[in-house]
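Read the structure below first, then the notes.
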Amino acid sequence: MPVVYPAWQPEMSDVTSTILTLTLTSRVRAAPSATPAAEKMSSRIESMTSLFAGPDGIFWTLILLYAILSLVSLVQSRRELSEGEEMERAVDDDWDLPWQTKDWMTLYGLIGMAYEDETMYTPFRRQYIRSIQQRYQLPTRSQLRMLLETGIIPLFIQDGGISTEQRRHWCWSSTFPFIKLSRFEQAKRRACFEFLIPRPERPEVARFFKILGYNQWRYGVQMRTCNQIHNRETVDAWEEPAGPYDNTSFPLSIGAESTLEPMLPILPDKPLDMARSDTINGLEWYVKDNITRTLPLLHFWDVCIFRVEAGHWGPAELDSFILGCAEKAGLNYRWPVDVARRKAIKELERRGLATKVD
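For the sequence shown, the positions run 50 to 407 when the working numbering is used.
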């Protein structure tokens with residue numbers, strides 16, 4: 050009986066090798082003016098495609114498929130991230146509406162709710178008010194809530210002393226390499242507090258500034274009065290004892306930073322946050338996209354932005370100091386948090402957004 054051999058079945062590696070060889074080499078050799086250089090390139094291509102033949106062919110085929118799938122997945126992830134950002138911008142447009150209120154009590158209520166809930170939309174830049182959000186509900190930091198009740202809007206705060214903090218959690222990014230790693234800091238810091246007071250023409254605000262300037266701890270005090278409509282600004286500072294530091298080269302923090310927390314103790318120290326400029330920033334600095342019109346009450350009225358700094362590395366919480374000065378100056382508790390919150394919730398309900406913060 051004749052022997053019947055089974056039909057030859059090409060392996061996946063043979064198919065891949067054949068396709069790559071025929072595709073790449075045929076294009077080189079079919080050139081109208083083939084040269085020795087082209088022939089040499091063709092031989093190199095054949096040697097490269099030989100990787101997909103033999104016992105290791107399946108391995109290299111899987112590697113190639115993995116690379117292709119990874120590229121496709123990366124492109125898809127970036128597309129989804131871009132679509133998510135577009136949806137977020139659309140949501141932001143809806144959330145801008147409550148902040149355009151013309152009622153001060155409602156505005157203070159929205160600000161208080163944004164300080165309590167880090168996920169709530171706010172037109173203020175996160176990189177600044179996050180420092181307020183991290184402290185606002187702590188039992189030991191009730192001064193921030195009380196300051197808001199007096200009409201003082203905290204914008205940024207940094208406590209003095211030595212500490213280790215996680216400044217950023219890892220997250221996806223829309224730009225290469227499409228991911229941001231966590232970042233840790235171990236540093237000594239100078240206390241700094243930046244805040245805003247609307248309608249600085251009031252006599253109690255003038256008394257407040259005077260009390261700040263004559264503080265016994267020699268905290269540096271600067272202020273900037275601005276009106277966005279009339280483009281009118283006034284910058285002022287206490288010369289003595291406003292500046293316990295000689296110049297702006299005195300950093301706000303010195304230490305080490307790394308994506309790996311255990312590496313912090315062995316890394317060299319360097320300035321992490323340089324001193325603020327001689328001229329304090331205006332309102333647009335603290336608002337997203339520098340668009341102050343998203344906050345009409347602060348855009349159309351005169352506002353005064355204060356910055357208070359300590360001239361040493363020791364522990365200090367400036368919100369307590371500022372609250373004491375506000376009480377001495379007669380800044381009354383006109384904006385109770387609970388009342389303001391109820392007004393803000395009513396405004397959110399009117400806009401159909403209340404369920405998103407309940």
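Positions of the beta carbon are idealized from the N, C-alpha and C atoms, including for glycine.
The structure displayed is predicted, hence computed values, not measured ones.
**OP:** Report yes or no: do three or more beta-carbon pairs, one from the region 363-372 and one from the region 214-225, lie closer than 8 Å?
**Re:** Cβ pair count under 8 Å is below three, so no.
Original post:
Can you give, in chain order, each stretch of the alpha helix (DSSP H) that sits fully within the region 306-382 and has at least 4 residues?
Top reply: Counting only runs of 4 or more, we get 345-349, 367-378.
**OP:** Using three-state DSSP, classify residue 236 as helix, strand or coil.
**Re:** Residue mapping note: residue 236 aligns to position 187 of the sequence shown, counting from 1. Strand, per DSSP.
Original post:
In this structure, does DSSP put residue 180 in helix, strand or coil?
Top reply: Numbered from its first residue, the sequence shown carries residue 180 at position 131. In the three-state DSSP reduction, residue 180 falls in the helix class (H, G or I).
**OP:** Identify which residue in 181, 265, 194 has its Cα closest to the Cα of residue 241.
**Re:** Stepping through the sequence shown from its first residue, residue 241 is reached at position 192. Looking at the Cα atoms, 181 is the closest of the given residues.
**OP:** From the DSSP output, read off the bridge partner residues of residue 199.
**Re:** By one-based count along the sequence shown, residue 199 stands at place 150. Answer by DSSP bridge pairing: none, since residue 199 is not bridged.
**OP:** Below 7 Å CB to CB, which residues in the same chain sit around residue 156 once its five sequence neighbours on both sides are set aside?
**Re:** Here residue 156 refers to the residue found at position 107 when the sequence shown is read from its first residue. Same-chain partners within the cutoff: 150, 346.
Original post:
Contact check, residue 273 vs residue 354 under 8 Å by CB: the rounded distance?
Top reply: Looking up residue 273 in the sequence shown gives position 224. Looking up residue 354 in the sequence shown gives position 305. Their Cβ separation, rounded to whole angstroms, is 5 Å, which keeps residue 273 and residue 354 in contact under 8 Å.
Subject >> Whether residue 178 touches residue 171 by CB criterion (8 Å) >> reply: If you number the sequence shown from 1, residue 178 lands on position 129. If you number the sequence shown from 1, residue 171 lands on position 122. The answer is yes: Cβ separation under 8 Å.
Original post:
For residue 372 versus residue 192, is the C-beta distance shorter than 8 Å?
Top reply: Indexing the sequence shown from 1 puts residue 372 at position 323. Indexing the sequence shown from 1 puts residue 192 at position 143. Residue 192 is positioned such that its CB atom lies closer than 8 Å to that of residue 372.
Subject >> Nearest to residue 301 (by Cα), restricted to the options 316, 269, 307 >> reply: The sequence position of residue 301 within the sequence shown is 252, counting from 1. By alpha-carbon distance to residue 301, the top candidate from 316, 269, 307 is 269.
Original post:
Between the region 248-266 and the region 334-346, do at least 3 Cβ pairs fall closer than 8 Å?
Top reply: Touching, no, given that fewer than three Cβ pairs across the two stretches are closer than 8 Å.
Original post:
When DSSP labels each residue in this structure, what does residue 247 get in the three-state scheme?
Top reply: As a position in the sequence shown, residue 247 is number 198, starting the count at 1. Reduced to three states, the DSSP call for residue 247 is strand.
Original post:
Measuring CA to CA, which of 259, 306, 351 is closest to residue 379?
Top reply: For the purposes of this step, residue 379 is taken as residue 330 along the sequence shown, with counting starting at 1. Nearest to residue 379 by alpha-carbon distance, out of 259, 306, 351, is 259.
**OP:** Indicate whether residue 235 and residue 158 have their beta-carbon atoms separated by less than 8 Å.
**Re:** For the purposes of this step, residue 235 is taken as the residue at position 186 of the sequence shown. For the purposes of this step, residue 158 is taken as the residue at position 109 of the sequence shown. Not in contact: residue 235 and residue 158 (Cβ atoms no closer than 8 Å).
Original post:
Which residues does DSSP pair with residue 304 in a beta bridge?
Top reply: As a position in the sequence shown, residue 304 is number 255, starting the count at 1. According to DSSP, residue 304 shares a beta bridge with 236, 319.
**OP:** Just list the alpha helix (DSSP H) runs in the region 144-190, keeping only unbroken ones of 4 residues or longer that don't cross its boundaries, in chain order.
**Re:** Within the region 144-190, the complete alpha helix (DSSP H) runs of at least 4 residues are 153-165, 175-185.
Original post:
Given residue 212, which residues of its chain have a CB within under 8 Å of its CB, disregarding the five upstream and five downstream residues?
Top reply: Residue 212 sits at position 163 when you count from the first residue of the sequence shown. So the qualifying residues of the chain are 235, 236, 238.
Subject >> Nearest candidate by alpha-carbon position, reference residue 351, set 398, 390, 388, 276 >> reply: As a first step, residue 351 is located in the sequence shown; it is residue number 302 there, counting from the start. Of the listed residues, the one whose Cα sits closest to residue 351 is 276.
Original post:
Any idea what DSSP makes of residue 216, helix, strand or coil?
Top reply: Translated into positions along the sequence shown, residue 216 becomes position 167. Note: residue 216 maps to strand in three-state DSSP.
Original post:
Thinking C-beta only, is residue 173 closer than 8 Å to residue 336?
Top reply: Taking the sequence shown and counting its residues from 1, the one referred to as residue 336 is at position 287. Taking the sequence shown and counting its residues from 1, the one referred to as residue 173 is at position 124. Taking 8 Å as the cut-off, the Cβ atoms of residue 336 and residue 173 count as close.
Original post:
Using the beta-carbon count (16 or more within 10 Å), is residue 168 buried or exposed?
Top reply: Walking along the sequence shown from the start, residue 168 turns up at place 119. Classification for residue 168: exposed.
Original post:
Quick one: is residue 252 near chain D, going by C-beta distance under 8 Å?
Top reply: The chain inventory of the structure shown lacks chain D, comprising one protein chain alone.
**OP:** Out of 245, 227, 113, point me to the one whose CA is closest to residue 333's CA.
**Re:** What you label residue 333 is simply residue 284 of the sequence shown in a count that begins at 1. 245 is the residue among 245, 227, 113 whose C-alpha sits nearest the C-alpha of residue 333.
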